[in-house]
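Residue numbers (the working numbering), protein chains in the order written: chain A, 1 to 276; chain B, 277 to 552.
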């Protein structure tokens, strides 16, 4: 059996892994700083495990079109240093093995479909709410995909007067409901806000509006919510009742729950990607 | 060659047609009142043309899942009399020919893809803005589809204090930007509002927010805007500049234009559906 390598490239940290699945996976975490530092460290660790193929689930926007000359690049990210970085090319050049490249959330939904909470589910949405907000979906067994991968974090939803923190759009979903947005609004990191803080009811409203929009758009049966902000498990019942309220019986309410692979959803997704 | 029949079932009128394409199509219009009256009239006209198969593009929500016991039904529509109506069954029973059943906008995007503005385009969204708002999309040549067909008219977008007119959701997109919403807000039908009326700038904002949301969600290259409200062609440049402003260079802006099949997009879509 070939050795599989996985890189979950997040805005805060990389998780690199080698193995064959949830029962057989070694991982390492590397902070996300510059491409030089972070990718060099990831490649050095990978080299010690000699994978035959590597899957990368990357933060974005990224060019995942195999016919594009910029395939494998991170494109218009606000993260300084990473814009127009040839990520897949750098990893391929350093290790000399095939690289499979997709968005972090497309990888995560693939992993959940293969090993996690979406096994046997035809239509599943995976959302991550952390440093940024992103979404990937599988519909009838295929990744939702148009001209480019989804950028679900940047939809517009009803909101109050808070200006938001997205450097491109201000108060888009990510600008209102990501971890940094919560910190900017409430003056402390989300993980320090107690479960009964009003921050969570508002956060649930924003995430419910987003889930309603995605449900009206492509009708998932299952919505998996991962990422650092979702570690506050009190959010789940708040979001479920808000989605029910907003849909008002018009269409079926999707099941809403945490990823089955927990904090390893991203790296196992990248592993699923490497396995093709 | 078999004779093809088409029914575009809209909230205000039915357009029935028989033929083989844009150059060969006879049509008739029937006002949408009750299922008994309207479907009886449609079936009577069809009988005179003896089609071998009929495509129905229906307003919704409708059950288009071929494995469902309620396949061919209109389900939770606010339109009185039509809820839980076995539409495909009634037509099949009356005419004794196979019936292909889908949403009006799924049919329209199929027709545009076959004969209209979306020929050769892999990723296209069709939105209709009229009595209601609905959307259908083709991605990589296949209809966008999850557990059910899209209900894009019911997404939530930023809005002002107008309560909206959707009987289910108040100020969802349809509640804010459909023809009846414009009439409720401005006190006269949309077609009576002059091109320089402030109604159109606000309408463009709402439709642009929706297009941005769909673009962030599934990345169409082309967005076709049909329906009665879009007969105000001054809307197109207003919408285009608002979409550009909202996306702020983050991702590619889709081309935004009218359907190539004009007011026949719906009935030709139903015809495309009947041709399989």
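Beta carbons are placed, not taken as given, at the ideal position from N, Cα and C, and that holds for glycine.
Source: prediction; values computed, not measured.
Here residue 487 of chain B carries a helix assignment [DSSP, helix/strand/coil]. Cβ contact annotation for residue 404 of chain B (same chain, cutoff 6 Å, sequence separation greater than five): 381, 410, 502, 503, in chain order. For residue 31 of chain A, the enclosing beta strand (DSSP E) covers residues 24 to 31. The alpha carbon of residue 322 of chain B has as its nearest neighbour, out of B:533, B:286, B:481, B:373, the alpha carbon of B:373. Contact of residue 360 of chain B with chain A is not assigned, every C-beta pair being separated by 9 Å or more. Scanning the region 395 to 453 of chain B for uninterrupted beta strand (DSSP E) segments of 3 residues or longer gives 400 to 405, 409 to 415, listed from N- to C-terminal end. Just so you know, the alpha carbons of residue 231 of chain A and residue 367 of chain B end up roughly 52 Å apart. For residue 493 of chain B, at least one C-beta of chain A is nearer than 9 Å to its own C-beta. Residue 548 of chain B and residue 32 of chain A have their C-alpha atoms spaced approximately 51 Å apart. Cα atoms of residue 537 of chain B and residue 245 of chain A: separation of roughly 38 Å, rounded to the nearest angstrom. Residue 469 of chain B carries a coil assignment under DSSP once its states are collapsed to helix, strand and coil. At a cut-off of 9 Å between beta carbons, residue 415 of chain B contacts chain A.
In the structure shown, residue 297 of chain B falls within a strand segment according to DSSP collapsed to helix, strand and coil. For residue 526 of chain B, the C-beta contacts it makes with chain A under 8 Å involve 61, 76, 151, 154, 168, 169, in order along the chain. Interface annotation, residue 518 of chain B: not in contact with chain A, CB-CB separation never under 9 Å.
The C-alpha of residue 213 of chain A lies about 36 Å from the C-alpha of residue 23 of chain A. Assignment of residue 221 of chain A by DSSP, reduced to helix, strand and coil, places it in the coil class.
Classified as buried, residue 454 of chain B has 16 or more neighbouring CB atoms from the shown chains inside 10 Å of its CB.
Below 8 Å, enough C-beta pairs join the region 136 to 150 of chain A and the region 406 to 423 of chain B to call them touching: three or more. A direct Cα-to-Cα measurement between residue 36 of chain A and residue 202 of chain A gives close to 38 Å.
The beta carbon of residue 439 of chain B lies closer than 7 Å to those of 446, 447 in the same chain, with the five residues before and after it left out.
The alpha-carbon of residue 383 of chain B is positioned some 44 Å away from that of residue 4 of chain A. For residue 233 of chain A, no CB of chain B lies under 9 Å from its own CB, so it is not counted at the interface with that chain. Taking the C-beta atoms as reference points, residue 327 of chain B is found no nearer than 9 Å to residue 386 of chain B.
Annotation for residue 87 of chain A: no beta strand (DSSP E) segment contains it, though the alpha helix (DSSP H) segment containing it runs 87 to 95. Chain A has a Cβ within less than 9 Å of the Cβ of residue 485 of chain B. Here the region 51 to 61 of chain A lies against the region 262 to 271 of chain A, with 3 or more beta-carbon pairs under 8 Å apart. Under a 10 Å Cβ-count criterion, residue 481 of chain B is classified as buried, with 16 or more other Cβ atoms of the shown protein chains found around its own Cβ. Here the alpha carbons of residue 375 of chain B and residue 348 of chain B stand approximately 9 Å from one another. Proximity of residue 145 of chain A to chain B, defined by a Cβ-Cβ separation below 9 Å, is satisfied. Interface residue (Cβ-Cβ distance to chain B less than 9 Å): residue 256 of chain A is not classified as such. Proximity of chain A to residue 381 of chain B at the Cβ level (cut-off 7 Å) is not reached, the minimal Cβ distance being about 12 Å.
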